[in-house]
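Chemist: Below is the structure I would like to discuss, written out as structure tokens.
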Amino acid sequence: MNTVAVIGGGPAGAMAAERLARGGARVVVFEEKLGREKPCGGGLTAKALRRYPFLLEAAVGARRISQAEFIAATGESVRLHLRRPVAVCSRSVLNQRLLERAARSGAEVVVDRVVRLQRSAAGWELAGRQRNYRADFVVLAAGARSRLRPALVPDLAPKDFMLTFGYYVPGAEDLLRVQFLENIEGYAWAFPRPDHLSVGICAKVGEEKMAEVQARLHHFMEVFDYRRRGARMFAHLLPALTVSSWSDLRLAGDGWALAGDASGLVDPLTGEGIYFAMRSGELLGECLSAGEVAVYPQRVWEECGSQLAHGARLTGLYYRSNIFGKTLCTRMIQLCRRSDLVRDLLQDLVEGTQPYAGLLPRLYRGLGASLVEIGAQSLTGMFPRSDDGGGPGTGESRGPFGTLAPE
Ligand SMILES: Cc1cc2nc3c(=O)[nH]c(=O)nc-3n(C[C@H](O)[C@H](O)[C@H](O)COP(=O)(O)OP(=O)(O)OC[C@H]3O[C@@H](n4cnc5c(N)ncnc54)[C@H](O)[C@@H]3O)c2cc1C
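Here it is, written out as structure tokens:
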């Protein structure tokens, strides 16, 4: 392999470039904006920190957070002391550090926006804003909104995205907060970063108009007293692939490969994407260095794709199911207050270590008794029935986890 062009210097591109350069390839990373504060929570799970301990080095400046509050759509809440803290970082600092690692390994970083990609007999022609380039292999790691994707694979559909909207709020806090909301597959969050908070909301595209999603976030900010004055606003798209899109996923072809958000590798249930961007970039670098790019899609699928596809199958159930009138995520928060097992399960979800394939069996095993108790209470009126707005399926006679059978 002569020259690999990596388009995008975010977590996916930087990791791919670093791994490729270490493997001896000539790598050029194209990044249109160095030090960009990418719209993001900046949350790094325990799973990410375990695989990439350098994320905790002082230079990344991530803030470790051990206190988290989860609030159901009903307003009921639970606070957890996280067994393994999450780390929250500024994306401009994280991206810079990752690119520096790539450069130290020998990758060249070029500040330019690639505006067009074209295949030629000699390889790839890349048209940049500053000048033109050529490469033998192209890695597209240009994020969720890349206009270059259709040069390689069909674009993702609107149903494969969440829209996000939020603010960088001045101030410092020690509590990470997540609020689930009625009738949307998403949540509002407040993640404390080193010197400000990322406060935002995500919802599946098409569920609500942007103005309605914004109004929900503003309400969340008023309730919890996050100041909007002086806060910088952001909006972005976040991949959240549907089940069918996971089965159609194409990650590599002749002379090209995709990594990170450009490929849709984001957890559709939680929105976690930094880990999957880094890991897919790294796997791609390993496979390309070994001259085995054809095995890259399989490795991604085995390590994370199948898990994320399973997450897509659970999304509707998690956010919209009807368990005695409330959604699964509301019930989880209620049950956290009485069940060690559910608290452990939530801890594992926050850490990113609970495989989705095992989520329902774990709940079924441990919650039988609690669900019977809740059912009894709902009949006696302690938990209002779903005619108070508990979501679709109201009043239907269904199993405790909707229509999805236990695995
Ligand atoms: C609001 C929001 C909150 C989120 N919160 C979290 C969170 O808390 N934790 C988490 O794990 N994930 C979170 N995510 C997801 C996470 O941000 C992404 O999954 C992750 O950034 C993907 O990394 P990437 O390298 O694939 O793409 P990106 O981070 O988007 O990087 C792509 C890079 O490519 C550059 N680029 C784009 N086009 C070109 C071009 N044509 N030429 C040159 N350069 C180009 C861009 O400038 C950018 O630097 C969040 C996402 C959003 C939108």
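Numbering of the sequence shown is given in this note's numbering, commencing with residue 301 and proceeding in unit increments. Where a beta carbon is used, it is the ideal one built from N, C-alpha and C, also for glycine.
#1: Tell me whether K333, by its Cβ, gets closer than 8 angstroms to a heavy atom of ligand 1.
#2: Can you find the residues in the same chain that come closer than 6 angstroms, C-beta to C-beta, to V438, ignoring five residues on each side of it along the sequence?
#3: DSSP three-state call for L320: helix, strand or coil?
#4: Give me the Cα-Cα distance between V595 and L452, rounded to the nearest whole angstrom.
#5: What do you get for M533, buried or exposed, if any count of 16 or more other CB atoms within 10 angstroms of its CB means buried?
#6: Going residue by residue through the region 478-543, where are the continuous beta strand (DSSP E) segments of at least 3 residues, counting only ones entirely within it?
#7: Report the start-end ranges of each alpha helix (DSSP H) in the region 564-645 that is 4 residues or longer and not cut off at the edges.
#8: Would you identify the three-state DSSP class for A557, choosing helix, strand or coil?
#9: If A488 sits next to F520, beta carbons under 8 angstroms apart, how far is it from one beta carbon to the other, in whole angstroms?
#10: Compute the beta-carbon to beta-carbon distance between A562 and R449, rounded to the nearest angstrom, for a pair I have assumed lies under 8 angstroms.
#11: In whole angstroms, what is the alpha-carbon distance linking V360 and A531?
#12: Expressed to the nearest angstrom, what Euclidean distance is found between the alpha-carbon atoms of R322 and V393?
#13: Leaving out five residues before and five after V513 in sequence, what residues of the same chain have Cβ atoms less than 7 angstroms from its Cβ?
#14: Using the Cα positions of E508 and I484, report the straight-line distance between them to the nearest angstrom.
#15: So, do the region 303-319 and the region 327-345 have three or more beta carbon pairs nearer to each other than 8 angstroms?
#16: Three or more C-beta pairs closer than 8 angstroms, one from the region 579-593 and one from the region 330-346: is that the case here?
#17: If I follow the unbroken beta strand (DSSP E) through L382, where does it start and stop?
#18: Would you tell me roughly how many angstroms separate the C-alpha atoms of P684 and D412, rounded to the nearest one?
#19: If L380 and A368 are in contact, beta carbons under 8 angstroms, what's the gap, nearest whole angstrom?
#20: I'd like to know whether the C-beta atoms of F480 and I633 end up nearer to each other than 9 angstroms.
#21: Does the Cβ of S498 have 16 or more other Cβ atoms within 10 Å, making it buried, or fewer, making it exposed?
#22: Taking 8 angstroms as the cut-off, is the beta-carbon of P385 closer than that to any non-hydrogen atom of ligand 1?
#23: Would you report the Cα separation of C629 and G341, rounded to the nearest angstrom?
#24: Check whether the Cβ atoms of E651 and L475 lie closer than 9 angstroms to each other.
#25: With respect to 8 angstroms, is the separation between the Cβ of I365 and the closest non-hydrogen atom of ligand 1 below this value?
#26: With a threshold of 16 other CB atoms inside 10 Å of the CB of F370, please say whether the residue is buried or exposed.
#27: Excluding the five sequence neighbours on either side, which residues of its own chain have a C-beta within less than 7 angstroms of the C-beta of R516, listed in chain order?
#28: Nearer than 8 angstroms: is that true of the beta carbon of K338 relative to any heavy atom of ligand 1?
#29: How close, in whole Å, do the beta carbons of K338 and T653 come, if the pair is a contact with beta carbons under 8 angstroms?
#30: Would you please state the rounded distance, in angstroms, between the beta carbons of R391 and S589? I believe it to be under 8 angstroms.
#31: Can you name, in chain order, every residue of its own chain whose Cβ lies under 6 angstroms from the Cβ of R550, other than the five neighbours on each side?
#32: Enumerate in chain order the residues of its own chain whose CB-to-CB distance from R637 is below 6 angstroms, with the five nearest sequence positions on each side excluded.
#33: Tell me the rounded alpha-carbon separation between L565 and L663.
#34: Go through its chain and collect everything with a Cβ distance to G313's Cβ below 6 angstroms, but skip five positions before and after it.
#35: Can you list, in chain order, the residues of its chain whose CB lies under 6 angstroms from that of R416, leaving out five sequence neighbours each side?
#36: Does DSSP put P655 in a helix, in a strand, or in coil?
Modeler: In short, the structure shows the following:
#1: yes
#2: A305, W424 and W556
#3: helix
#4: 18 angstroms
#5: exposed
#6: 487-492, 496-504 and 532-539
#7: 574-589, 596-600, 606-620 and 628-636
#8: strand
#9: 4 angstroms
#10: 6 angstroms
#11: 23 angstroms
#12: 22 angstroms
#13: L463, F465, I501 and A503
#14: 8 angstroms
#15: yes
#16: no
#17: S377 to V388
#18: Unreliable placement is indicated for P684, whose pLDDT of 45 sits below 50; no coordinate value is reported for it.
#19: 5 angstroms
#20: yes
#21: buried
#22: no
#23: 20 angstroms
#24: no
#25: no
#26: buried
#27: L481, A488 and I501
#28: yes
#29: Wrong, their Cβ atoms sit about 25 angstroms apart, outside the cutoff.
#30: Contact doesn't hold; Cβ gap of about 27 angstroms is too wide.
#31: V453
#32: V378
#33: 26 angstroms
#34: V306, V329 and A441
#35: A427
#36: coil
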